[in-house]
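Okay, so the sequence shown: first residue is 10 according to this note's numbering, each after it adds one.
C-beta atoms are modelled at their ideal positions from N, C-alpha and C, and glycine is treated no differently.
What you are looking at is a predicted structure, and each value in this text was computed from that prediction instead of being measured.
Notes for the one structure printed next.
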Amino acid sequence: YTPTVNDTILNDTSSIEFYFSTTGNIPCPATTDTLIVKLAPTPFIDAGSDNQICADGTTILSGSALNVAGVTWSGGNGLFDDINNENTGYTPDVADTTAGSITLTLTSNGNTICPDVSDDVIITFQSIPTLDAGNDVTVCADTDFIALNAIVANATSVKWTTSGDGTFSISDAILAPDYYPTANDTI
Numbered sequence: 010y011t012p013t014v015n016d017t018i019l020n021d022t023s024s025i026e027f028y029f030s031t032t033g034n035i036p037c038p039a040t041t042d043t044l045i046v047k048l049a050p051t052p053f054i055d056a057g058s059d060n061q062i063c064a065d066g067t068t069i070l071s072g073s074a075l076n077v078a079g080v081t082w083s084g085g086n087g088l089f090d091d092i093n094n095e096n097t098g099y100t101p102d103v104a105d106t107t108a109g110s111i112t113l114t115l116t117s118n119g120n121t122i123c124p125d126v127s128d129d130v131i132i133t134f135q136s137i138p139t140l141d142a143g144n145d146v147t148v149c150a151d152t153d154f155i156a157l158n159a160i161v162a163n164a165t166s167v168k169w170t171t172s173g174d175g176t177f178s179i180s181d182a183i184l185a186p187d188y189y190p191t192a193n194d195t196i
């Protein structure tokens, strides 16, 4: 017997009755017995959406579960705030971030009728941006321009700003612009 969709629309009292009878037993009367099969709701687990975080950050896991007694998170080498809460925080460790990404698994537990189910979420780590604006320098107050030269890694763009009121050559969004000070910068 394969249950249909109507059989599996469940509530607390969902069951299917099966009737078994004897036939062809004349002169004796037919004998009947009933078998009741209760249908337990199927467990459902969703570990949430894949996520990208900065390598020095934490992530909030937003899982969900239905028809389960409990859940357990596993995977990675970092720390879960609460391994048995479908919505919890996760702090990666160096092995996680060095790997570039990890898979965390949310698994149902405690349902003795249906098998445990699980779902995965992938956490990808973005390398921490690093930069160096260069060595501090002293220049003559009447200099025409100051050559800037920065180094950056793990970033897609940069922006120079200043406490002065001079201007940048070409753009303030390049690694090595020239800065043209004004008279106000030299006061």
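So what does DSSP say about D141, is it helix, strand or coil? Locating residue 141 in the sequence shown gives position 132, counting from the first residue. In the structure shown, D141 sits in a strand (DSSP, three-state: E or B).
With DSSP as the reference, label T171 as helix, strand or coil. Residue mapping note: residue 171 aligns to position 162 of the sequence shown, counting from 1. If DSSP states are grouped into helix, strand and coil, T171 belongs with coil.
Provide the residue span of the alpha helix (DSSP H) that contains A104, from first to last. Counted from its first residue, the sequence shown places residue 104 at position 95. That run of the alpha helix (DSSP H) goes V103 to A108.
With S24 and V46 assumed to form a contact (beta carbons below 8 Å), what rounded beta-carbon distance in angstroms separates them? Position 15 of the sequence shown holds residue 24. Position 37 of the sequence shown holds residue 46. Confirmed, Cβ separation roughly 6 Å.
For V80 and N60, what's the separation of their Cα atoms in angstroms? Counted from its first residue, the sequence shown places residue 80 at position 71. Counted from its first residue, the sequence shown places residue 60 at position 51. The alpha-carbon atoms of V80 and N60 are separated by roughly 20 Å.
Could you pull out every residue in the same chain whose Cβ sits closer than 7 Å to the Cβ of I131, ignoring the five residues on either side in sequence? Stepping through the sequence shown from its first residue, residue 131 is reached at position 122. The residues are D59, S110 and T112.
Alpha-carbon spacing of Y99 relative to D141, whole angstroms: Here residue 99 is taken as the residue at index 90 of the sequence shown, counted from 1. Here residue 141 is taken as the residue at index 132 of the sequence shown, counted from 1. Rounded to whole angstroms, Y99 to D141 spans 30 Å at the Cα level.
Alpha-carbon to alpha-carbon, A78 and A104: For the purposes of this step, residue 104 is identified with residue 95 of the sequence shown, where counting begins at 1. For the purposes of this step, residue 78 is identified with residue 69 of the sequence shown, where counting begins at 1. Cα to Cα, the separation comes out at about 32 Å.
Near N93, which residues of its chain fall below 7 Å by C-beta distance, leaving aside the five closest residues on each side in sequence? Taking the first residue of the sequence shown as 1, we reach residue 93 at position 84. Non-local C-beta neighbours of N93 in its own chain, meaning closer than 7 Å and more than five positions away in sequence, comprise G79, V80 and T81, ordered along the chain.
Nearest-angstrom Cα separation, counted from I137 out to D151: Taking the sequence shown and counting its residues from 1, one reaches residue 151 at position 142. Taking the sequence shown and counting its residues from 1, one reaches residue 137 at position 128. Answer to the nearest angstrom: the Cα atoms are 38 Å apart.
Do you know offhand how far N76's Cα is from V14's? One-based indexing of the sequence shown puts residue 76 at position 67. One-based indexing of the sequence shown puts residue 14 at position 5. Taking the Cα positions, N76 is about 18 Å away from V14.
C-beta contact flag for A39 and F53 at 8 Å: Taking the sequence shown and counting its residues from 1, the one referred to as residue 39 is at position 30. Taking the sequence shown and counting its residues from 1, the one referred to as residue 53 is at position 44. In this structure, F53 does not lie closer than 8 Å to A39 by Cβ.
Spatially closest choice to F27 from S127, T147, Y10 and Q135, by CA coordinates: Residue mapping note: residue 27 aligns to position 18 of the sequence shown, counting from 1. Measuring from the Cα of F27, the nearest candidate turns out to be Y10.
DSSP state of T176 mapped onto helix, strand, coil: For the purposes of this step, residue 176 is taken as residue 167 along the sequence shown, with counting starting at 1. It is a strand residue.
Where C194 and A64 are concerned, what is the direct C-alpha to C-alpha distance, given to the nearest angstrom? Mapped onto the sequence shown, residue 194 falls at position 185. Mapped onto the sequence shown, residue 64 falls at position 55. What sits at residue 194 in the sequence shown is Asp, not Cys. Roughly 39 Å separates the two Cα atoms.
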